[in-house]
Each structure stands twice: as structure tokens, then as C-alpha cells.
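**Student:** One line per chain: the protein sequences are A and B, in this order.
Letter 75 of the first sequence, counting from 1, is numbered 74 in numbering that gives the first Met the number 0, and no numbers are missing.
Letter 155 of the second sequence, counting from 1, is numbered 154 in numbering that gives the first Met the number 0, and no numbers are missing.
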Amino acid sequence: MALGDEVTDIIKRNNVHVVGNGSQPMLLAHGFGCDQNMWRFIVPAFEDDYRIVLFDYVGSGKSDLNDYDAEKYSTLGGYADDVLDVIHELDLHDVVFVGHSVSSMIGVLAAKREPDRFERLIMIGPSPRYINDPPYVGGFERSDIEGLLETMEKNYIGWANFLGPVVMQNSDRPELAAELTESFCSTDPVIARRFAEATFLADNRTDLAGLQVPSLILQCSDDLIAPRAVGDFVHGSLPQSTFQQMQATGHCPHLSHPDETIELMRAYLRSPVPA
Amino acid sequence: MDELIEQIPCGFLSFADDGKIERVNARLLERLGYQRSEVEGKPFESIMNVGSRIFYQTHLFPLLAMQGRADEIFILLRASDGSDIGFLVNAVRHERNGHKVNDCALMRVEERRKFEDALVRAKKAAEAAQAELEIANRRYEEQAVELELQQEELEAARATAEEANKAKSKFLAVMSHELRTPLNAIGGYTQLIEMGVHGPVTDDQLKALDRISRGQKHLLRLINDVLNLSRIESGREEYRITEVPLREVVSAVLPMVEPQVAAKGITSRTVIDRPYVVRSDREKLEQIVLNLLTNATKFTPAGGGITVRVRQDVERERHICLDVEDTGIGISAEKQRDVFEPFVQVHADQKQEGSGLGLAISRELARGMDADLTVRSEPGKGSVFTVTLPVVSSP
Numbered sequence: 000m001a002l003g004d005e006v007t008d009i010i011k012r013n014n015v016h017v018v019g020n021g022s023q024p025m026l027l028a029h030g031f032g033c034d035q036n037m038w039r040f041i042v043p044a045f046e047d048d049y050r051i052v053l054f055d056y057v058g059s060g061k062s063d064l065n066d067y068d069a070e071k072y073s074t075l076g077g078y079a080d081d082v083l084d085v086i087h088e089l090d091l092h093d094v095v096f097v098g099h100s101v102s103s104m105i106g107v108l109a110a111k112r113e114p115d116r117f118e119r120l121i122m123i124g125p126s127p128r129y130i131n132d133p134p135y136v137g138g139f140e141r142s143d144i145e146g147l148l149e150t151m152e153k154n155y156i157g158w159a160n161f162l163g164p165v166v167m168q169n170s171d172r173p174e175l176a177a178e179l180t181e182s183f184c185s186t187d188p189v190i191a192r193r194f195a196e197a198t199f200l201a202d203n204r205t206d207l208a209g210l211q212v213p214s215l216i217l218q219c220s221d222d223l224i225a226p227r228a229v230g231d232f233v234h235g236s237l238p239q240s241t242f243q244q245m246q247a248t249g250h251c252p253h254l255s256h257p258d259e260t261i262e263l264m265r266a267y268l269r270s271p272v273p274a
Numbered sequence: 000m001d002e003l004i005e006q007i008p009c010g011f012l013s014f015a016d017d018g019k020i021e022r023v024n025a026r027l028l029e030r031l032g033y034q035r036s037e038v039e040g041k042p043f044e045s046i047m048n049v050g051s052r053i054f055y056q057t058h059l060f061p062l063l064a065m066q067g068r069a070d071e072i073f074i075l076l077r078a079s080d081g082s083d084i085g086f087l088v089n090a091v092r093h094e095r096n097g098h099k100v101n102d103c104a105l106m107r108v109e110e111r112r113k114f115e116d117a118l119v120r121a122k123k124a125a126e127a128a129q130a131e132l133e134i135a136n137r138r139y140e141e142q143a144v145e146l147e148l149q150q151e152e153l154e155a156a157r158a159t160a161e162e163a164n165k166a167k168s169k170f171l172a173v174m175s176h177e178l179r180t181p182l183n184a185i186g187g188y189t190q191l192i193e194m195g196v197h198g199p200v201t202d203d204q205l206k207a208l209d210r211i212s213r214g215q216k217h218l219l220r221l222i223n224d225v226l227n228l229s230r231i232e233s234g235r236e237e238y239r240i241t242e243v244p245l246r247e248v249v250s251a252v253l254p255m256v257e258p259q260v261a262a263k264g265i266t267s268r269t270v271i272d273r274p275y276v277v278r279s280d281r282e283k284l285e286q287i288v289l290n291l292l293t294n295a296t297k298f299t300p301a302g303g304g305i306t307v308r309v310r311q312d313v314e315r316e317r318h319i320c321l322d323v324e325d326t327g328i329g330i331s332a333e334k335q336r337d338v339f340e341p342f343v344q345v346h347a348d349q350k351q352e353g354s355g356l357g358l359a360i361s362r363e364l365a366r367g368m369d370a371d372l373t374v375r376s377e378p379g380k381g382s383v384f385t386v387t388l389p390v391v392s393s394p
């Protein structure tokens, strides 16, 4: 049972769930502000053909907050470590990694460290840098990110900022903690803020170079978070990438336009692995 | 019913999953200062502040899509005049006319927002103060650790220095004994040859033997000085303190240098205004005074003078000074500091005999018996060496 205990540590830490009847693993990685529930419209379409692995990043969803390490998770590299931990724990090979938003870059970091584990990456709304750095267009100024942090603060203020920590310590009332988890995907405002900073203040442009794993870029229309110019930049930096413009608008096509998202994923997965 | 929606006292807005606003009520248009045509058909995000757009995409919309509703979400909408106005949004998602729509009721929260802003500011100030405290605390801890380290280093350095000093004293003592034995043999056998024990000696041979003898004596004196100094420094010197009349000390020592003084054509005088008695080791005090007089004679040119003066210390009550004053070449201010250091010969270029230990030994001896030895001097005019001694009585 020693191995079992060990498995439980990572499984519990990242709230890992495995579904589906296929053999090839499809690892679904949620974006900032969300958890694995955001894949609910996508999962049924691939259940028959893939072994689908769902998880929450530490600090999101029902992950174990006791494993939160401020230093480790101050950069996306810490999150990439966890992706590789899950891959090792379940002994996954030929992984189809699907990352939404920030998870696209987390996937790139993980795939660069251990390319042999990955067959391809599907990136939904990727951005290696959100802040403008002329001539590079990221879409945001630093002050905009401050605005996001302020909006987050306001939304976490009532219960989380003041009551949250108290409630979370009240282990005799776990239903309260559960309720908080239901209303937002991140239960801890401080962790959410750090994740926002690690995401939106990061510059991972140079990490794109040298990625050996083929990838698909799903570019939404009218995406304010990852505008077309950013998608073009990612495509231009990844020689083995396929660029796919979507009809879907916004930043969460797997939630707003699941049918188109599924169709484009299938088409890409049906095509042979690019050399 | 439509009329009711237009006029209810809160904003209403409905958007589709492509983000486009399908419906907006008059109340909200009025609050934001837009025409209906400016808003309907545009993305909901287009009337948000930029930070709220990100929040909408990362929190509000996913929540709506996953749970079908979102309650009390704070967002900032951007009014036509560019100002940001805070709203609380309650939204439900359902199907209408064959597609998904998201209906939002929006309440202005300007007043509440002010309190929240104050609350957030207060919390941040408290956190900053806490952080500062922690930093200060850490700094204190670091300083304490550093001080402890310095203390340890100091202790170690002192221990090393003491160790080195002990080693030096031991080395000197051993080496001096090793050297003294053969030197005594040289002296003894030279004397025997001089006396003709081994046969007749020519005049030239006698001259040579005399030089050998003088060299041997000089070396022996030097070694004795080294031995004395190391013994005194190591604290093994014993002092026999008695009441010593200073006039007697001067009377005993002065005749010993009289021959040299006379030979160099130097005058000497003694100035003792009262019969002072001090507490001292008589023999060692005589040794010190002899050393000072020998030095004074050496460095005073013909026609000069030496004065031995005994007087009350002007600086310290119950202390007596014995000055040995000369009209010699003097010592510069910077060299006065070195003059009591072992092996220092201030006038090394003068080719004067001596080990360079005389003054070092004298001062160590003085300090070993509650006295002190100091110097005042002016180059070209002369020097005054002063022994300061504790008085027994000053009648």
C-alpha cells in the first residue's frame, strides 16, 4: 500500500479525476479563475476514445490548500511541476494536453521539460505575455492588471477576505468551506491574487522557442484576453504549430461554444502527428 | 411587462453566449449615459473597465456557464464620460428563443463601495504594518546573530593571540637557554687562554681574545635581556615591594655611570627637594634608573648635561616622579610611541650598542609594581624619561 499512499498524495493535492474508456491520455488543464468543472461540456465528446485526466491547480477548485507553497507557485514553472507530477503519478505517455488560457503556457513549460511524455498540445486562447511591450502587443497595460486585482479584491471582500480565513479555520463547519468553493473556483483570495500575478505579469515569450511537441492554437474571435495579434505571435514562435481561427467569441469557447471547440479538437486529433 | 423592466429601479441587461448585448433597460442606459444604439449588439465587455473585462472572462462568465447563475458579483462598468461605476450583478442563464441567454440585474453600489474601499485600504495598511514589523523583527534577529558571531570571532582572535604570545615566550625562554650555555663556554675558555693557561699569549693574540670576549659579553647581555623581558611579560617576575627612599636609589645608581659621563665630557646634577619614600622593588627600580641613565649618557653629546630630578606628580596626587633629563638628540613625536616596544631602536642609525629591549623591560618592570614609565621629548633639545611611583609619605 506504500505506492497507494504516494499516489493519494498527488491525487489528493491536485484533486485528480480519471474518466473515459480510451487508452491514450487526454490531460485537461483549466485556466485562471476556474477549475476542472469548466471541461464538463468537452469531456463527454472524448470519453469513448480517450483516458481523460482532470485536475485542479493547487489553490483552485477542490485542491488541497495545505500544499500551497507561495514561493513555488509564484511563477508558472511551479504549476508546470504539478502537471508533470500528475503525469508521473499516473504514468502517462503520448499525452494530449489541452490547456485553457494560462494553462497553454504551463503546458509549454511542462512539454519542454519532458517532451517525450507529450504527443501534442491543444492551446485555447494562449498568451505568453499579457502586458504590451512595444512593438509586442499583449493587449493590456500594467494598470489594467491592477484593475483586475482590485475587482478580484472587491469580489472576495465580503466573505473571503474577512470571514473566509476564519471560516476556513473552523474545521467543525466544513459545509461553509464547501459553499465558498461552490461560488468561486478559488477559495483563498490571497492565492487567487498570486495566481493572477503569476499569470498576467509573467513574460514567457522566450519559453516558446525550442518546443518540440506539435501544437494547435485555437484562436477565438474578439478575444480581449488573448487577441489575434497574440495568437499570431504564438503561431510564429512555434514552427510545429497549427493555427485555427474560431467563430466563437470571447475567451472561453469550451463553455460558450462547446460544439465548435469539440469539432476543431477532433479534426486536429484525427490528423496525423506532424513530423 | 416591458414597461416594467424599463423602469424598475435597477439596471437590466441580457447577453448571449457570444457576449453580445441583446437587451438593456432604460434605467441602465440612463445611469451610464449611453444611447440604446450604442450598446445593443455590442459585447458586454465593451462597457466594462479593463480589469473587470478580465474578471468577467475568468470568473463571471465561467461561473454562469457552469452553474447557470452568479450572485453578487462586483464589476466596474465604464460610463460614456469615461468614469467607472461599480455594480453588483445577479445573473441567471436560461434558454430563450432557442439559444442561451444570460439575464443580469445590476445594482449600483457607490456608497457600499466607499466603505469597501476604506475597508480594503485599512486591511492593506494593517498588512503593511504587520509586514514592516516582521521585517524589523527579522533585522533585529539578524543583528543579534551577527553580534554573537562577532563576539565569537573576537573570543577566538583573543584566544589565538594569547596562544601565540605564550608560544613566543616559551620559544624565547628555551632558545635563550640554548644560546647561553655555549656562550658561557666561549667566555670561560677565552679567559683561560688570556690567563696563559694553555701557554704564552702574544700581544696580537690578546687583542683578538679581547674582541672575542667583548662580543661574547654583548651577546650574553642581549640574551639576558630577552629572557628578562619574556619572564616579565609572562607574569613570572616576582616583586619584593618595600618602602624605598628615592634619594638612596639615586645615590646608589649615579656613581655607576659616573665614569662614562666623565669620559664623554657631560655634566650631571641631582635635584631632590624633599626626602620622598615610595613603595617599590628597590632592586628593579635601580635597574630602571640605571637603564635610563645609561641611555641618557649614550645619546647626549659632549658638553651636554644630565639631570636627575625627584618631584611631586602634578597630575596625580600621592605619586612621585623621577625624571632623567638629558640634552641629547631627542625623539620625534611619532617615534615616542614606539620607543617602549621590544626590539625597537629609535636611533638605530646611531650604531649604539644594546638589544633594543632596555626601555621595554624598564616599562614592563615599572608597570609590574604599580609604577609607570613615560617620555617627553623634543628632537634636537633632549628627552625626559619619567618614572611615576606611588608615594609612602611626603613629609
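Even glycine gets a Cβ: it sits at the ideal position worked out from N, Cα and C.
This structure is a prediction, so every number in the text was calculated from the model and none was measured.
Taking the C-alpha atoms as reference points, what is the distance between Val323/B and Val277/B?
**Tutor:** About 17 Å.
**Student:** Please tell me whether Phe54/A has its Cβ less than 9 Å away from any Cβ of chain B.
**Tutor:** False, the Cβ-Cβ gap to chain B never drops below 9 Å.
**Student:** Please decide whether Thr57/B counts as near chain A, where near means a Cβ-Cβ distance under 9 Å.
**Tutor:** Closer than 9 Å: yes.
**Student:** Under three-state DSSP, which class holds Phe40/A?
**Tutor:** Correct three-state label for Phe40/A: coil.
**Student:** With a threshold of 6 Å on Cβ separation, who are the neighbours of Leu358/B within its own chain once the five nearest residues in sequence on each side are excluded?
**Tutor:** Correct list, in chain order: Val338 and Phe339.
**Student:** Looking at Val272/A: is its Cβ nearer than 9 Å to the Cβ of Glu118/A?
**Tutor:** Taking 9 Å as the Cβ cut-off, Val272/A and Glu118/A qualify as a contacting pair.
**Student:** Taking only beta-carbon atoms, is Asp132/A less than 9 Å away from chain B?
**Tutor:** Closer than 9 Å: no.
**Student:** Flag this pair as touching only if the stretch 278-288 of chain B and the stretch 239-247 of chain B have three or more C-beta atom pairs under 8 Å; answer yes or no.
**Tutor:** Touching, per the Cβ criterion.
**Student:** Starting from Pro24/A, trace the beta strand (DSSP E) in both directions and tell me its first and last residue.
**Tutor:** Taken as a continuous stretch (DSSP letters only), the beta strand (DSSP E) holding Pro24/A covers Gln23 to Ala28.
**Student:** For Ser255/A and Asp17/B, what's the separation of their Cα atoms in angstroms?
**Tutor:** Answer to the nearest angstrom: the Cα atoms are 7 Å apart.
**Student:** Express the C-alpha separation of Leu356/B and Arg315/B in angstroms, rounding to a whole number.
**Tutor:** Near 28 Å, if we compare the C-alpha coordinates of Leu356/B and Arg315/B.
**Student:** In angstroms with no decimal places, state the Cα-to-Cα distance between Asn160/A and Glu151/B.
**Tutor:** Legend: pLDDT at Asn160/A = 43, less than 50; position of this residue unreliable, value from coordinates given subsequently. Straight-line Cα distance between these residues: approximately 47 Å.
**Student:** Comparing alpha-carbon positions, which option in Ala15/B, Phe298/B, Leu291/B and Ile305/B lies nearest Thr373/B?
**Tutor:** Among Ala15/B, Phe298/B, Leu291/B and Ile305/B, the Cα nearest to that of Thr373/B is on Leu291/B.
**Student:** Mind listing which residues of the stretch 24-50 of chain B have their C-beta closer than 8 Å to chain A's C-betas, in chain order?
**Tutor:** If the cut-off is 8 Å between Cβ atoms, the stretch 24-50 of chain B has Pro42, Glu44, Asn48, Val49 and Gly50 near chain A.
**Student:** When the Cα atoms are used, what is the spatial distance from Phe194/A to Asp90/A?
**Tutor:** Distance between the alpha carbons of Phe194/A and Asp90/A: 27 Å.
**Student:** Pull up the distance between the alpha-carbon of Leu217/A and that of Ala124/B, whole angstroms please.
**Tutor:** Their backbone Cα atoms lie some 43 Å apart in a straight line.
**Student:** Identify the contact partners of Ile224/A in chain E, using a Cβ-Cβ distance below 7 Å as the criterion.
**Tutor:** In the structure shown, chain E cannot be found, because the protein chains are A and B.
**Student:** Taking only three categories from DSSP, how would you classify Gly85/B?
**Tutor:** Reduced to three states, the DSSP call for Gly85/B is strand.
**Student:** Taking 8 Å as the line, does the beta carbon of Ala64/B fall inside it for any heavy atom of the ligand COA?
**Tutor:** Looking at this structure, you won't find the ligand COA or any other ligand, since it has none at all.
**Student:** Kindly list the residues whose CB is nearer than 6 Å to the CB of Arg179/B, restricted to its own chain and excluding five residues on each side of it in sequence; keep chain order.
**Tutor:** Cβ within range, chain order: Ile222.
**Student:** Between which two residues does the beta strand (DSSP E) containing Pro244/B stretch?
**Tutor:** Unbroken beta strand (DSSP E) run through Pro244/B: Thr241 to Pro244.
**Student:** Can you list, in chain order, the residues of its chain whose CB lies under 6 Å from that of Ser236/A, leaving out five sequence neighbours each side?
**Tutor:** Cβ within range, chain order: Leu207.
**Student:** Below 6 Å CB to CB, which residues in the same chain sit around Ala25/B once its five sequence neighbours on both sides are set aside?
**Tutor:** Hits under 6 Å: Glu5.
**Student:** Is there a C-beta anywhere in chain B that falls below 9 Å from the one on Glu70/A?
**Tutor:** Cβ-Cβ to chain B under 9 Å: no for Glu70/A.
**Student:** What is the residue span of the alpha helix (DSSP H) that Gly146/A lies within?
**Tutor:** Where Gly146/A is concerned, the enclosing alpha helix (DSSP H) stretches over Arg141 to Tyr155.
**Student:** Return the first residue and the last residue of the alpha helix (DSSP H) that Lys206/B is part of.
**Tutor:** Asp202 to Glu232 is the extent of the alpha helix (DSSP H) around Lys206/B.
**Student:** Check distances from the C-beta atoms of the stretch 66-80 of chain B to those of chain A and list, in chain order, the residues that come in under 9 Å.
**Tutor:** Cβ contacts with chain A: Gln66, Ala69, Asp70, Glu71, Ile72, Phe73, Ile74 and Leu75.
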